[in-house]
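**Q**
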Amino acid sequence: MNRNDKVRLQIMLIALIGGLALVLYLVLNLFLTVANANRLDELQQHHYPLIEDIRALRQDLVSVREGFAAAVGLGDQLLLQESMQLGADILQRITSIQQRKQLQTQVQPVFDSVSIYLQTSTRLASTLLHDPEQIPVYQAAMEGSLQEFDAAMADLDDLLSQRQALYQALLVETRQAADRANVWAAFLGALVIALLLGLAYLVSRRVLADINESDRLKDEFLATISHELCTPMNGVVGAHSMLQDMALTDDQREWLDIAQSSADNMMNTIEAVLQYSEIAAGKAQPIRKPFTLQNGLAELQRGFRQGFAERGLAFDCITGDIMHQPLLGDEVRVLYVIRQLISNGLKFTERGGVQLRVEVDCDRADQSMVRVRVEDTGPGIPLQHLARLQQPFNQLDGSFSRRHQGMGIGLATCMGVANLLGGSLSLQNGPQGGVTADFCFPVELPYTENNAR
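Under our numbering, the first residue of the sequence shown is numbered 4, with each subsequent residue one higher.
(1) Quick one: measure Cβ to Cβ for A38 and A180, integer angstroms, because I've assumed they're closer than 8 angstroms.
(2) Assuming L423 is part of the beta strand (DSSP E), what are its boundary residues?
(3) Which term fits Q343, buried or exposed, when burial requires 16 or more other beta carbons within 10 angstroms of its beta carbon?
(4) Tell me the DSSP bridge mates of C320?
(5) Can E151 be considered in contact with the ligand MG, in the sense that its beta carbon sits closer than 6 angstroms to one or more heavy atoms?
(6) Starting from G426, follow the beta strand (DSSP E) in both directions and report where the run begins and ends.
(7) Rounded to a whole number of angstroms, what is the C-alpha to C-alpha distance between D8 and A415?
(8) I need the straight-line Cα distance from V438 to I345, nearest angstrom please.
(9) Look at the alpha carbon of R305 and the alpha carbon of Q435, and state the distance between them as a whole number of angstroms.
(10) Between D379 and G332, which are expected to be in contact by the criterion C-beta below 8 angstroms, what is the C-beta distance as a whole number of angstroms?
(11) Going by DSSP in three states, D379 sits in which element: helix, strand or coil?
(12) Hey, could you find the ends of the alpha helix (DSSP H) G306 is sitting in?
(13) With G464 as the anchor, note down where its alpha helix (DSSP H) starts and where it stops.
(14) What separation, rounded to the nearest whole angstrom, lies between the Cα atoms of G383 and V361?
(15) Apply the 10 Å Cβ neighbour rule to Q278 and answer buried if 16 or more other Cβ atoms are within range, or exposed otherwise.
(16) Does DSSP classify P385 as helix, strand or coil?
(17) Return yes when the Cβ of G90 is within less than 7 angstroms of the Cβ of L132, no when it is not.
(18) Note down, in chain order, each residue of its chain lying with its Cβ closer than 8 angstroms to the Cβ of Q101, except the 5 sequence neighbours on either side.
(19) In the structure shown, what three-state DSSP assignment does V140 receive?
(20) Find out if the Cβ-Cβ distance for the pair Q154, S116 is shorter than 7 angstroms.
(21) Assuming R2 and L163 are in contact, meaning their beta carbons sit under 8 angstroms apart, how far apart are those beta carbons, in whole angstroms?
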């Protein structure tokens, strides 16, 4: 199983575990939600309507008492019958409540006291309705009926208080259960997220380790193959140098120039790979040696003169006093960056030319920041590609990149060299087209033996 298959398998494992955890979370959350919904349904469908029924019974019992009193006072037989019918309806409703679960014991005293009151008050009201003059005689019976009414009302109030207390307790319990469900839901959600993050972290670490190992092997391979190529290429370049001193025909001289140019290109490519592999592996260290920019830049000018001439492009160098001053720094890497920037300008410029400007950007007593600016008159770089081109092995897409050779590590290596030297490298498009590259690096000056030590 290769690395890509392992990564896919690990991602699928994360998705599978995450999916199972999510399903578990949804099932538990649904269970808690249904349980709370059942509690609320029980409260709304059973307990609260029962409280309302008891309140209605209490009000109707008061209406019965008032109806009996009005019927006797008015001598209204019809009103008496209506009150009696309402009393019978009250008893029937109490019986219906009594048939509910766990209510028989609580409702029985209410049924008994209400029945006694209704029986007594019905007989008394019927008697007094037909013979109102007997009211003084039944005064004691009337007081007894009033006491029975008070007892029935007290029993109803007790039952109402019990049911209200139970309703409040169940309501509080339901709210607490909902709060617990929310806490559990939050806990399970956090647990699922933590599980997924943990798995993603572990997999990302393994993937990153694989990628780093792959990059390390790639860098080691590049460094090894570059060193291996250097030895035979040095022989080729040396042989070409020896052939230059021999008497050759014009055709032979032309062939030798082509071979020499190809060998130089190969050596530049090998040097680029070596520089990149050292920087990518973190093994590169800046070298502090005395040098002058004049010698190195003069050699660069000679090396690029033919290339610019063949393409009909101008190559201008504008320098200052810094060119002749002895410096202390890493000459090889400084010239490497300058060579790469000039090479890019030559490679991508069709008409016009390239300008090299060297100046002191910031001068201090013991150190200066040298700015090397390379400007070309090429097509420029699309803004969306500027950042990507600074990554290794990246070039512009399409036919534009196919017209030019290169491994795509030049700018990335130059960026690494600039950072290694404590400087910077920036690219930007010019207002009239073309690319401006600014390479800044620190050097110590003036160079003395004390600086070197």
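Using N, Cα and C, we set each Cβ at its ideal position, and we do this for glycine too.
The structure displayed is predicted, hence computed values, not measured ones.
**A** Per the coordinate set shown:
(1) Confirmed, about 7 angstroms.
(2) For L423, there is no enclosing beta strand (DSSP E); the residue is part of the alpha helix (DSSP H) that begins and ends at 413 to 423.
(3) When all chains shown are included, Q343 counts as buried.
(4) Beta-bridge pairing links C320 to L359.
(5) Ligands are entirely absent from the displayed structure, and the ligand MG is therefore not among its contents.
(6) Unbroken run through G426: none, as it is neither H nor E.
(7) Answer to the nearest angstrom: the Cα atoms are 30 angstroms apart.
(8) Going from the Cα of V438 to the Cα of I345 covers about 11 angstroms.
(9) If you draw a straight line from the Cα of R305 to the Cα of Q435, it comes to about 29 angstroms.
(10) At roughly 26 angstroms, the Cβ-Cβ gap does not stay under 8 angstroms, so D379 and G332 are not in contact.
(11) Strand.
(12) Bounds of the alpha helix (DSSP H) holding G306 are 296 to 314.
(13) Residue coverage of the chain in this structure runs from 4 to 456, which leaves residue 464 outside it and unanswerable.
(14) In a straight line, the C-alpha of G383 is about 22 angstroms away from that of V361.
(15) By the neighbour-count criterion, in which 16 or more other beta carbons inside 10 Å mark a residue as buried, Q278 falls on the buried side.
(16) Residue state, collapsed to three classes: coil.
(17) In this structure, the beta-carbon distance from L132 to G90 does not fall below 7 angstroms.
(18) Beyond the five residues adjoining it in sequence on each side, Q101 comes within less than 8 angstroms, by CB distance, of Q107, V110, Q111, F114 in the same chain, given in chain order.
(19) DSSP places V140 in the coil class of the three-state scheme, outside both helix and strand.
(20) Checking the sequence shown, residue 154 turns out to be Ala, not Gln. Closer than 7 angstroms, so yes.
(21) Residue 2 is absent from the structure shown; the chain starts at 4 and stops at 456.
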